[in-house]
Structures are given as C-alpha cells and as structure tokens.
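**Q** Read left to right, the sequence shown gives residues 1 to 204 (the UniProt record's numbering).
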Amino acid sequence: MSTQLNTVEEQLREKDAELKESEDEGTSENIRQDIEALENKRSELMKQREGLDTKLKEGCLLNVEEERRLLEFDEGIEALEAAIEFKTDSINTQKNKLGVEKPEFSQNELVAKLNSLGREDAIFLLSKYFEKVISHRENERKQQVKCDDMTLRVDEQDRVIRELERGFQQADLRAERRLTDQAKEYEQRVQFLMKQVNDMEQHT
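1. Give the DSSP-derived three-state secondary structure of GLU58 in the structure shown.
2. How is ASN63 classed by DSSP in three states: helix, strand or coil?
3. Using CA atoms only, rank isn't needed, just tell me which of ASP34, ILE161 and ARG177 is closest to LEU88.
4. HIS136: which of LEU164, LEU125, MET150 and GLU75 sits nearest, CA to CA?
5. By the 10 Å Cβ neighbour count, where 16 or more other Cβ atoms means buried, how is ALA83 classified, buried or exposed?
6. State yes or no: is the C-beta of LEU52 within less than 8 Å of the C-beta of GLU66?
7. Among PHE73, ILE77, ASN30 and GLN48, which has the Cα closest to the Cα of GLU39?
8. Give me the Cβ distance between LEU70 and LEU62, rounded to the nearest whole Å; I'm assuming they're in contact under 8 Å.
9. Are there 16 or more other CB atoms within 10 angstroms of the CB of ALA175, so buried, or fewer, so exposed?
10. I need the straight-line Cα distance from LYS184 to MET194, nearest angstrom please.
11. Distance check for LEU173 and VAL197, CA to CA, integer angstroms please.
12. Taking the alpha carbon of LEU56 as the point to measure from, which residue in LEU126, MET200, GLU131 and ARG141 has its own alpha carbon closest?
13. Only counting the same chain, and skipping five residues up and downstream in sequence, which positions put a Cβ closer than 7 Å to that of ARG162?
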C-alpha cells in the first residue's frame, strides 16, 4: 500500500512538471486518462475493502492483519481521491492558461485554500489531514474492537449463567425426585412393619 501511495505521489510530480512545460490540449487529455486510471485503482481498492466490510457486517471480528489492511485501504482510497481532485484542478488550471472558460462549480473553503498554496504545501497539509483522519479512524476501530470484546464477554457470562441456572434447576428436580422416592420407600416400610405387627398380634 505504501508503494502505491508513493507511486501516486510520483505521478503527481510528473504531471505537475508536464503542465509547466506544455499548455496544449494533449497534456490535458493525458491527465484525463491518468484520472481514469486512478479512478480504476480506487474502485479496485474499494472492492477489496468490501470483503472486510462484509465480515464486519456479519458480526465477525477482524484480526490484527485485517485491521491493518482495512486502515491501509482507507488511506489508499483517500490518497487516490486527493490525487484525482488534484489532477482535475490541474486540468482546470490548464484551461485557464489557454483562455478556455472554466466551468462554473462551487468550491469549499478547503479547496480554495489548497489552490492558493504551492503544491508542496498543499501535499503537506493533505498528508497531515490524512494522518489525523487515519489516527481518528484507528482509535474508532480500537474502541469498536473493545466494545465488541466486551459484548462477547457479556454474552459468554450470560451463557454461563444460563447453564448454571439450568444446572441448579436440574439438581433441584433430582433432589425433589429423590425426596419423593425416599418418602414412598419410608411409607412402604412403615406399612410393612405395621402389617408385621398386626400379623403378630393375630397369632398371639
């Protein structure tokens, strides 16, 4: 994943140099093709990420390796989206240089700020932003894992308690049956002794 991110950054540097060297339509077309390639990479990462999302939705816990891969997928997708946005902005800048009217669209303050900065500063700010996002998501994942672990422990304790309750109920039933059997046996012995006493009295 780190190799993919380094490759994306290297591609950004190359295309930035191309924009400075050439202002023809062919350059913009090449960048459009690069954007399409980046979008395909993003779709591929999202498909791989869906496999881990499916496990989470099914209630399965991810192991440490899968957690790391999930964070890397998120980081890669965000980096690709930033690269796509940067290249799109590069095309718009190229159109302005050629005197082509820029399509009207609304930009938020973050994009406007990035556009006003140099490329290195913009990449630095984006990297810091991604670090905060990844750190926040990692903390959320850890909290979710802890929550899921606590839920499993509570469920396990509930299962043990239910088994103990069933065990106590069965023990009570067995004890009650033993008492009933002992009472019947005692009654039978009393009746037997009384019969013997009656027989002895009749013979005397």
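Glycine residues also receive a C-beta, built at the ideal position from the N, C-alpha and C atoms.
**A** Judging by the given coordinates:
1. coil
2. coil
3. Looking at the sequence provided, one finds Thr at residue 88 rather than Leu. Residue ASP34 is the option with its Cα nearest to THR88.
4. GLU75
5. buried
6. yes
7. ILE77
8. 7 Å
9. exposed
10. 15 Å
11. 36 Å
12. ARG141
13. none
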